[in-house]
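Inspection log for the structure reproduced underneath, given as structure tokens.
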Amino acid sequence: MSASVTNTVTTAVKTDVALAARDVTYAVPGKVIVDGVSLEIRAGTVVALVGPNGAGKSTLLSLLAGDERPTSGSVLLDGADLHGQRLTHLARKRAVLLQEQKLSFPFAVLGVVRMGRAPWRGRPEEDNDDRVVDQSIETAEVGHLTDRLFPTLSGGEKARVSFARVLAQQTAILMLDEPTAALDIRHQEAVLGHARLAAQAGAAVVVVLHDLSLAAAYADEVVVLADGKLRGHGHPREVFTSELLTAVYRHPIEVLTHPTTGALMVMPVRVPAQP
Ligand code: ADP
Ligand code: MG
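Numbered per this note's numbering, the sequence shown spans residues 247 to 521.
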């Protein structure tokens, strides 16, 4: 009796939790890729997922997206278990930008962005298709590419077109796997700026990043993953310590505060070249 009362209260207090991982493990024969991760991602926040190559970031993202099923544990979307939810329903809830732009079929860019509207076909939201596609193209600054064939684009152009597709999907959850990896500084800042605007408008944004200063600047919370395990989760200033990052990345890392802006600067320690 008392347990059910507690559960009711917990649910009521946490209505802003868009996504929750409950002790999620994902294993393949001979390897545990994601190891007992519990995590809550709230609406209205940008959460940066960081960690070394092979840490399990992309796998965790695909588990949170419902593209992979946990070996054990569960993922809740708006409080309901992801497992068993229909793909069309999921596609109206969360949009995913994959790390690899796998689309090799020669679609024109405009068609790729329009694919983002597919989940809304046959629904009232379909009336917004043209406006939303135009807006997304403008936001991602890919207007000059709309007639180009997607496979002929540069890596950075592909990433921005994929970002436009994800924006066009107009979901309350955005999951972006290294969206800035191929982008120049201006476009990196622009993508993260738009992610933050989406969060301010109420979205939950999970973004995998390698640039820790970028993560500290734009994320409300950071999640550090290494060897499939959660090593830190919280405000960047609390989680990004020299000690933790040096251990996790197996390279000495300094965390500095910008003298005038107070921004967190995360830098690898470099050995000076010998004269
Ligand atoms: P990250 O995105 O953090 O770089 P991934 O989630 O892509 O890491 O992968 C985590 C680790 O699991 C890597 O070592 C990768 O090679 C391995 N891995 C991922 N998927 C499989 C799989 N299906 N079978 C075997 N190993 C896998
Ligand atoms: Mg990855």
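Virtual Cβ for every residue (Gly too), placed ideally from N, Cα, C.
By the neighbour-count definition (other C-beta atoms within 10 Å, threshold 16), A301 is a buried residue.
Look at D313: its beta carbon is at least 7 Å from all of the heavy atoms in the ligand MG. If you ignore the 5 residues before and after E286, its C-beta comes within less than 6 Å of the C-beta of V263 and A266, all in its own chain and listed in chain order. Straight-line measurement puts the Cα of T271 at about 10 Å from the Cα of V321.
Per DSSP, reduced to three states, the secondary structure at D281 is strand. Per DSSP, K475 lies in no alpha helix (DSSP H); the unbroken beta strand (DSSP E) holding it starts and ends at K475 to G480.
Secondary structure note for D380: its alpha helix (DSSP H) is the uninterrupted segment D375 to T385. Nearest in C-alpha terms to D313, of all of D324, L333, E435 and W366, is L333. Assignment of G319 by DSSP, reduced to helix, strand and coil, places it in the strand class. R363 places its beta carbon 8 Å or farther from that of V342. Taking all protein chains in view, the Cβ of E384 is surrounded by fewer than 16 other Cβ atoms within 10 Å, so the residue is classified as exposed. Here R268 is bridged, per DSSP, to S320. Set against 7 Å, the gap from the CB of Q345 to the closest heavy atom of the ligand MG is smaller. DSSP places E314 outside both helix and strand once states are collapsed to three, so it counts as coil. In this structure, the ligand MG has a non-hydrogen atom nearer than 7 Å to the beta-carbon of V454. At the C-beta level, V388 and A410 come within 8 Å of one another. Distance from the CA of S459 to the CA of I279, rounded to the nearest whole angstrom, comes to 26 Å. Taken through DSSP and simplified to helix, strand or coil, R288 comes out as strand. In this structure K348 is exposed. Its beta-carbon is surrounded by fewer than 16 other beta-carbon atoms within 10 angstroms.
If you check the CB distance, Q331 and L344 do not come in under 8 Å. For V501, the enclosing beta strand (DSSP E) stretches over residues I499 to T503. Taking the Cα positions, T503 is about 41 Å away from T398. The criterion of a C-beta distance shorter than 8 Å is not satisfied by L306 and L455. For D457, the CB stays at least 7 Å from every heavy atom of the ligand MG.
Within the chosen limit of 7 Å, the ligand ADP reaches the beta carbon of S304 through at least one heavy atom.
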